[in-house]
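Chemist:
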Amino acid sequence: MGIITAHSGCDGTQDNSLEFIEYALSAGADCLEVDVRRNQAGDLFLAHDETGEERVKLCEAFALVKSFPEKKINCDLKMKDLEIPVYRLAREFKAECQLIYSGEVSIKLLREKDKEFPEAEIYLNVENLFPEVYCEAPGAHGQEKLKDMLAQAKGCPISCINMEYHLFTDEIIDLLALIKLRGSAWTVDEPEEARRLMEKDIFNITTRNLKKAMELRKEMRR
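Heads up, the sequence shown is in the numbering used here, so the first residue is 1 and it goes up one at a time.
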């Protein structure tokens, strides 16, 4: 059975807050997700959208996560060109082996992954390969294009493909199994969807309903 990632702000905590990070680490999540941006001074901080407000710095998140070496931290990159600076900061805290990237990951820079950020895992967002996916995928033509993009993704140095949960139809799940490409689904808040994807052995689900997802997985393991 796959892993569970705590979406930023899960179970009523504040998005991208220290409260959320501490809660996710103590609640048993395998991984926690934070949104990462960089300001004009070059500081890396946690925020989903552009903001002038004071925010939690990424170094504060790494300082907490490094004490839980069995946990992962998914840095959902909300700006381009953050892969290398985020990795260098993680390395300062000896947390580079806990690092996952999703979001604005450069396909071109992935060619240099082994050199620039070797320990980081990549949860490649499908829209990086197929920008129209969430407009076109429901139709037959969109499904065929999605299949083509997934086949291309197999050649990238990634841990899994990251998609909205509704794209994980039985047909797509079967295709991923066939090409041996793991799937990561977001944002899986409904227990019925969490159960379906767990039963299908999806590698990762990201959820705001962490407590319920953890209970469900425990129940299913019994």
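Note that beta-carbon positions come from the ideal geometry of N, C-alpha and C, so glycine has one too.
#1: Alpha carbons only, please: which of K212, R208, L46, L82 is nearest the one belonging to E60?
#2: Give every residue of the same chain whose Cβ lies closer than 6 Å to the Cβ of A24, excluding the five residues on either side of it in the sequence, and list them in chain order.
#3: So if DSSP puts G103 in a beta bridge, which residue, or which two residues, is it bridged to?
#4: Any contact between the region 146-160 and the region 88-99? By contact I mean 3 or more CB pairs, one from each, below 8 Å.
#5: According to the neighbour-count rule (16 or more other Cβ atoms, all chains shown, within 10 Å of its Cβ), is M79 buried or exposed?
#6: Quick one: residues in its chain with C-beta nearer than 6 Å to the C-beta of K211, no 5 flanking neighbours on either side, listed in chain order?
#7: I'd like the list of long-range same chain contacts for F62, defined as Cβ closer than 7 Å, with 5 residues on each side in sequence excluded.
#8: Give the secondary structure of G183 by DSSP, where H, G and I count as helix, E and B as strand, and everything else as coil.
#9: With distance defined between alpha-carbon atoms, name the residue in I4, N204, V34 nearest to T13.
#10: Considering I196, what are the terminal residues of the alpha helix (DSSP H) in which it resides?
#11: For a test of the three-state rule: what should DSSP assign to V65, helix, strand or coil?
#12: Quick check: the Cα distance between S229 and E119, rounded to an integer number of angstroms?
#13: Can you tell me where the beta strand (DSSP E) with E33 in it begins and where it stops?
#14: Using the beta-carbon count (16 or more within 10 Å), is M220 buried or exposed?
#15: Based on Cα-Cα distance, which residue from I161, E199, L178, I179 lies nearest to W186?
#16: Judging by CA-CA distance, which residue of R196, P157, G155, Q152 is the nearest neighbour of T169?
Modeler: Inspection of the coordinates gives the following:
#1: Position 60 of the sequence shown, counting from 1, holds the residue named residue 60. If we check each option's Cα against that of E60, L46 comes out closest.
#2: Position 24 of the sequence shown, counted from the first residue, corresponds to residue 24. Within the same chain, Cβ atoms closer than 6 Å to the Cβ of A24 are found at A6, L32, the five residues on either side in sequence being excluded.
#3: Position 103 of the sequence shown holds residue 103. In the DSSP output, where bridge partners are listed per residue, G103 has L77.
#4: No, the region 146-160 does not touch the region 88-99.
#5: The residue labelled residue 79 in the question sits at position 79 within the sequence shown. Exposed, since its Cβ has fewer than 16 Cβ neighbours within 10 Å.
#6: The residue you call residue 211 lines up with position 211 of the sequence shown. Closer than 6 Å at the Cβ level, and outside the excluded window around K211, lie D11.
#7: Position 62 of the sequence shown, counted from the first residue, corresponds to residue 62. Cβ within range, chain order: L89, A90, F93, A95.
#8: Counted from its first residue, the sequence shown places residue 183 at position 183. Strand.
#9: On the sequence shown, residue 13 is found 13 positions in, with the first residue counted as 1. Taking only the C-alpha atoms, the option nearest T13 is V34.
#10: If you number the sequence shown from 1, residue 196 lands on position 196. Before going further, note that residue 196 is Arg rather than Ile in the sequence given. Element bounds for R196: 191-199.
#11: Counted from its first residue, the sequence shown places residue 65 at position 65. Shown here, V65 sits in a helix according to DSSP, grouped into three states.
#12: This structure cannot speak to residue 229, because the chain is shown only from 1 to 222.
#13: Along the sequence shown, one-based indexing puts residue 33 at 33. For E33, the enclosing beta strand (DSSP E) covers residues 31-38.
#14: If you number the sequence shown from 1, residue 220 lands on position 220. With fewer than 16 Cβ atoms within 10 Å of its Cβ, M220 is classed as exposed.
#15: Counting from one through the sequence shown, the residue named residue 186 turns up at place 186. Measuring from the Cα of W186, the nearest candidate turns out to be I161.
#16: Translated into the one-based positions of the sequence shown, residue 169 becomes position 169. Cα-wise, what sits closest to T169 is R196.
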